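> Protein chains in written order, with this note's numbering: chain A, 953 to 1156; chain B, 953 to 1156. Below you'll find the structure I mean.
There are 2 protein chains.
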Amino acid sequence: MMRFTKSQIEALPHLQKINLINSVGGYKSANLIGSKSKNGITNLAVFSSVTHYGSSPAILGFVVRPTTVLRNTYENLKETGFYTINSIFGSTLEDAHHTSAKYPKEISEFDVTSFSELYLEDFYAPYVKNAPIQLGMKFLEEYHIKANNTILVLGEIQNINIQEALVEKDLFVNLSHGNIAAINGLDGYTVPESTERFTYQRPK
Amino acid sequence: MMRFTKSQIEALPHLQKINLINSVGGYKSANLIGSKSKNGITNLAVFSSVTHYGSSPAILGFVVRPTTVLRNTYENLKETGFYTINSIFGSTLEDAHHTSAKYPKEISEFDVTSFSELYLEDFYAPYVKNAPIQLGMKFLEEYHIKANNTILVLGEIQNINIQEALVEKDLFVNLSHGNIAAINGLDGYTVPESTERFTYQRPK
């Protein structure tokens, strides 16, 4: 086993440190968050921090680092109240990763990638066309994390659009049936091929 | 596409609702959190909400639902200040999932599964022996989420123990080389076989 103590971690060169620390927590969700400013400029950005907070009401969170370009997403959703979460899938990994490039706010990532905007009913934020899972989200609460000046954004699911092939009888969504990706670290993507389900566990 | 509006989601039977909402955010990290009460009783519980908050300092978060048995983990880490995060790997999925059973606090999940406690130096909480990644964590901050009465627990990484075969030259940790699992929904587990890395992205 390789061992790193806290002081050894702190002393690592920047790139090694972010590679290591971004990987050790395990696989991360792979999503594109879509938003649109009040002025009508759309934004699309890859996020690996979408996390389940509760099912009733249906709440998902994600983390914003104020020092990065991903702040466009935060500004748009605070301005308008709405955003979308769209799963990243097999053939679009490279384009999805490209949304991490630091484009100025006037440029929409929809214009520099193969992703297309999809609007459904009167929902203000753009969904990603062809994404196997598309969630319409409404901003709910935010928490400023004192430890490192990040922001936890919580939103409530307003709409779910999902490919039928993914949905089992009990509404379990088999992500592997949509070639949905997971993220490893800062720049690694994997597309799991199958999932094994276990039963509800009781004490032996 | 199947569509669910907010009111349709709210009207779903409980099991369908938790299956659907636990899956739509994408793959989740698969970890066992180890802890030990002041009285010396150990606890081990599966968590799918471990999320990266920052690398410098190295901070990971996870979400506690006060109404579940997983509260043992929270009580122990608040009492003692320390816990461990251990990756779930290929041959142990069934035992890992079994730690979700609601055992009373006096019973250690280490005694009803094949997992063994590992103690390193003077770190109070037990690591999971043979887990490819073992993190020694110190409790840092907590945030009470008003929207649904959950708790976000943040901790700082104190120690990393990691199988050498996973670690690339730039300290990217290739999770697939350790047969590390990801979680799909409430009860689905997958072990991705390979990872593709992309370069740092700049505007075109």
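Just so you know, even glycine gets a beta-carbon here, dropped at the ideal spot from N, CA and C. No experiment lies behind these values; they were computed from the predicted model shown.
Short of 7 Å in beta carbon distance, which residues of its chain neighbour glycine 1137 of chain B, apart from the five on each side in sequence? Order them along the chain.
For the purposes of this step, residue 1137 of chain B is taken as residue 185 along the second sequence, with counting starting at 1. Contacts found: Asn971, Asn974 and Ser975.
> Around the C-beta of phenylalanine 953 of chain A, are 16 or more other C-beta atoms found within 10 angstroms, so that it is buried, or is it exposed?
Counted from its first residue, the first sequence places residue 953 of chain A at position 1. As written in the sequence, residue 953 of chain A is methionine, which differs from the phenylalanine given in the question. Methionine 953 of chain A should be labelled exposed.
> Looking at the strands, I want to know which residues DSSP matches up with serine 987 of chain A.
Counting from one through the first sequence, the residue named residue 987 of chain A turns up at place 35. A/Asn995.
> Cβ of asparagine 983 of chain B less than 8 Å from any chain A Cβ?
Along the second sequence, one-based indexing puts residue 983 of chain B at 31. Taking a beta-carbon distance threshold of 8 Å, asparagine 983 of chain B counts as an interface residue toward chain A.
> Select from the stretch 1089–1123 of chain A all residues with a C-beta closer than 7 Å to any C-beta belonging to chain B, and list them in chain order.
Leu1092, Glu1093, Tyr1095, Ile1097, Lys1098, Ala1099, Asn1100, Thr1102, Leu1104, Leu1106, Ile1109, Gln1110, Asn1111, Ile1112, Asn1113, Ile1114, Gln1115, Glu1116, Val1119, Asp1122 and Leu1123
> Take every Cβ of the stretch 1034–1050 of chain A, pair it with every Cβ of the stretch 1119–1132 of chain B, and state whether three or more of those distances are shorter than 8 Å.
no
> Assuming glutamine 1110 of chain B is part of the beta strand (DSSP E), what are its boundary residues?
If you number the second sequence from 1, residue 1110 of chain B lands on position 158. Run containing glutamine 1110 of chain B: 1102–1114, per the beta strand (DSSP E) assignment.
> Give the DSSP-derived three-state secondary structure of isoleucine 1132 of chain A in the structure shown.
In the first sequence, the residue the question calls residue 1132 of chain A occupies position 180. Strand.
> At least one CB of chain B closer than 8 Å to the CB of leucine 996 of chain A: is that the case?
The residue you call residue 996 of chain A lines up with position 44 of the first sequence. Not one chain B Cβ lies under 8 Å of leucine 996 of chain A.
> Jot down the residue ranges of each uninterrupted beta strand (DSSP E) in the stretch 1028–1071 of chain A, minimum 3 residues, whole runs only, in chain order.
1034–1039
> What does methionine 1089 of chain B pair with, by DSSP beta-bridge criteria?
Translated into positions along the second sequence, residue 1089 of chain B becomes position 137. B/Tyr1035 and B/Ile1109, per the DSSP bridge assignment.
> Under 7 Å Cβ-Cβ, which residues of chain A neighbour threonine 957 of chain B?
Start at 1 with the first residue of the second sequence, and residue 957 of chain B comes out as number 5. The answer, in chain order, is Asn1111.
> Could you give the distance in angstroms between the alpha-carbon of glutamate 1093 of chain B and the alpha-carbon of alanine 1010 of chain B?
Taking the second sequence and counting its residues from 1, the one referred to as residue 1093 of chain B is at position 141. Taking the second sequence and counting its residues from 1, the one referred to as residue 1010 of chain B is at position 58. Distance between the alpha carbons of glutamate 1093 of chain B and alanine 1010 of chain B is about 13 Å.
> Along chain A, which residues have their Cβ under 7 Å away from the Cβ of serine 1052 of chain B?
Mapped onto the second sequence, residue 1052 of chain B falls at position 100. Going along chain A in sequence order, the residues near serine 1052 of chain B (Cβ under 7 Å) are Gln1153.
> Please state whether the Cβ-Cβ distance between leucine 1012 of chain B and valine 1080 of chain B is less than 8 Å.
Position 60 of the second sequence, counting from 1, holds the residue named residue 1012 of chain B. Position 128 of the second sequence, counting from 1, holds the residue named residue 1080 of chain B. Going by C-beta atoms, leucine 1012 of chain B is not nearer than 8 Å to valine 1080 of chain B.
> Here's the rule: buried if 16 or more other CB atoms are within 10 angstroms of the residue's CB, otherwise exposed. What is glutamate 962 of chain B?
Numbered from 1 along the second sequence, position 10 holds the residue referred to as residue 962 of chain B. Looking at its Cβ environment, which holds fewer than 16 other Cβ atoms inside 10 Å, glutamate 962 of chain B is exposed.
> Would you say proline 1144 of chain A lies against chain B (beta-carbon separation less than 8 Å)?
In the first sequence, the residue the question calls residue 1144 of chain A occupies position 192. At least one chain B Cβ lies under 8 Å of proline 1144 of chain A.
> List, in chain order, every chain A residue whose beta-carbon is nearer than 7 Å to that of glutamate 1046 of chain B.
In the second sequence, residue 1046 of chain B corresponds to position 94, counting from 1. Here the neighbours are Phe1150.
> Please report the distance separating the alpha-carbon of arginine 1017 of chain B from that of glycine 977 of chain A.
Residue mapping note: residue 1017 of chain B aligns to position 65 of the second sequence, counting from 1. Residue mapping note: residue 977 of chain A aligns to position 25 of the first sequence, counting from 1. Cα to Cα, arginine 1017 of chain B sits roughly 20 Å from glycine 977 of chain A.
> Would you check if the stretch 1000–1008 of chain B and the stretch 1085–1102 of chain A touch, i.e. whether three or more CB-CB distances between them fall below 8 Å?
yes
> Mark glycine 986 of chain B as exposed unless 16 or more other C-beta atoms lie within 10 angstroms of its C-beta, in which case mark it buried.
For the purposes of this step, residue 986 of chain B is taken as the residue at position 34 of the second sequence. Buried, since its Cβ has 16 or more Cβ neighbours within 10 Å.
> Please confirm if valine 1016 of chain B has its CB atom under 8 Å from at least one CB of chain A.
As a working note, residue 1016 of chain B is residue 64 in the second sequence. By this cut-off, valine 1016 of chain B is not an interface position.
> Is the beta carbon of alanine 1133 of chain A closer than 8 Å to that of alanine 997 of chain A?
Numbered from 1 along the first sequence, position 45 holds the residue referred to as residue 997 of chain A. Numbered from 1 along the first sequence, position 181 holds the residue referred to as residue 1133 of chain A. No, these two residues do not count as a Cβ contact at 8 Å.
> Return the Cβ separation of asparagine 1024 of chain B and asparagine 995 of chain B in integer angstroms, given the expectation that the two are a contact with Cβ distance under 8 Å.
The count along the second sequence starts at 1 and reaches residue 1024 of chain B at position 72. The count along the second sequence starts at 1 and reaches residue 995 of chain B at position 43. Indeed they touch by this definition, with Cβ atoms about 5 Å apart.
> Just tell me which of A/Thr1065, A/Glu1148, A/Phe1034 and A/Asn1028 has its CA closest to the CA of serine 1043 of chain A.
Within the first sequence, residue 1043 of chain A is the residue found at index 91, counting from 1. Ranking A/Thr1065, A/Glu1148, A/Phe1034 and A/Asn1028 by CA distance to the CA of serine 1043 of chain A puts A/Thr1065 first.
> Contact criterion: CB-CB distance below 8 Å. Does asparagine 1126 of chain B meet it with respect to chain C?
Although the question refers to chain C, the structure presented lacks it and instead comprises the protein chains A and B.
> If contacts are defined as beta-carbon pairs under 8 Å, then glutamate 1148 of chain A and tyrosine 1141 of chain B qualify, I think. What distance do you get, rounded to the angstrom?
Against the first sequence, residue 1148 of chain A aligns to sequence position 196. Against the second sequence, residue 1141 of chain B aligns to sequence position 189. With a Cβ gap of about 6 Å, glutamate 1148 of chain A and tyrosine 1141 of chain B count as contacting.
> Counting only the same chain and skipping the five closest in sequence on each side, list residues whose C-beta sits under 6 Å from that of leucine 1029 of chain A.
Taking the first sequence and counting its residues from 1, one reaches residue 1029 of chain A at position 77. Once the five neighbours on either side are set aside, the close Cβ partners of leucine 1029 of chain A are Ser987, Tyr1035 and Phe1091.
> From the DSSP secondary-structure annotation, give me the bridge partner or partners of leucine 1012 of chain A.
Residue 1012 of chain A sits at position 60 when you count from the first residue of the first sequence. Answer is A/His1004 and A/Gly1107, bridged to leucine 1012 of chain A.
> So who's on the other strand from valine 1159 of chain A, going by DSSP bridges?
Outside the shown range of chain A, which is 953 to 1156, sits residue 1159 of chain A, and nothing can be said about it.
> Taking a contact to mean a Cβ-Cβ separation below 8 Å, would you say glutamate 1073 of chain B touches phenylalanine 1062 of chain B in this structure?
Residue 1073 of chain B sits at position 121 when you count from the first residue of the second sequence. Residue 1062 of chain B sits at position 110 when you count from the first residue of the second sequence. Result no, Cβ atoms of glutamate 1073 of chain B and phenylalanine 1062 of chain B do not sit closer than 8 Å.
> If distances are taken between C-alpha atoms only, which option among A/His1096, A/Glu1108, A/Phe1150 and A/Ser1060 comes closest to leucine 1087 of chain A?
By one-based count along the first sequence, residue 1087 of chain A stands at place 135. Ranking A/His1096, A/Glu1108, A/Phe1150 and A/Ser1060 by Cα distance to leucine 1087 of chain A puts A/Glu1108 first.
> Below 7 Å on C-beta distance, what does alanine 1010 of chain A contact in chain B?
As a position in the first sequence, residue 1010 of chain A is number 58, starting the count at 1. Within 7 Å Cβ-Cβ: Ile961 and Ile973.
> Among A/Leu1045, A/Thr1032 and A/His1049, which residue has its Cα nearest to the Cα of tyrosine 1076 of chain A?
Looking up residue 1076 of chain A in the first sequence gives position 124. Answer by Cα proximity: A/Thr1032.
> Give the residues of chain A in contact with histidine 1129 of chain B, contact being defined as C-beta atoms less than 7 Å apart.
Numbered from 1 along the second sequence, position 177 holds the residue referred to as residue 1129 of chain B. Ordered by position in chain A, no residue passes the 7 Å Cβ test against histidine 1129 of chain B, which lies about 10 Å from the chain.
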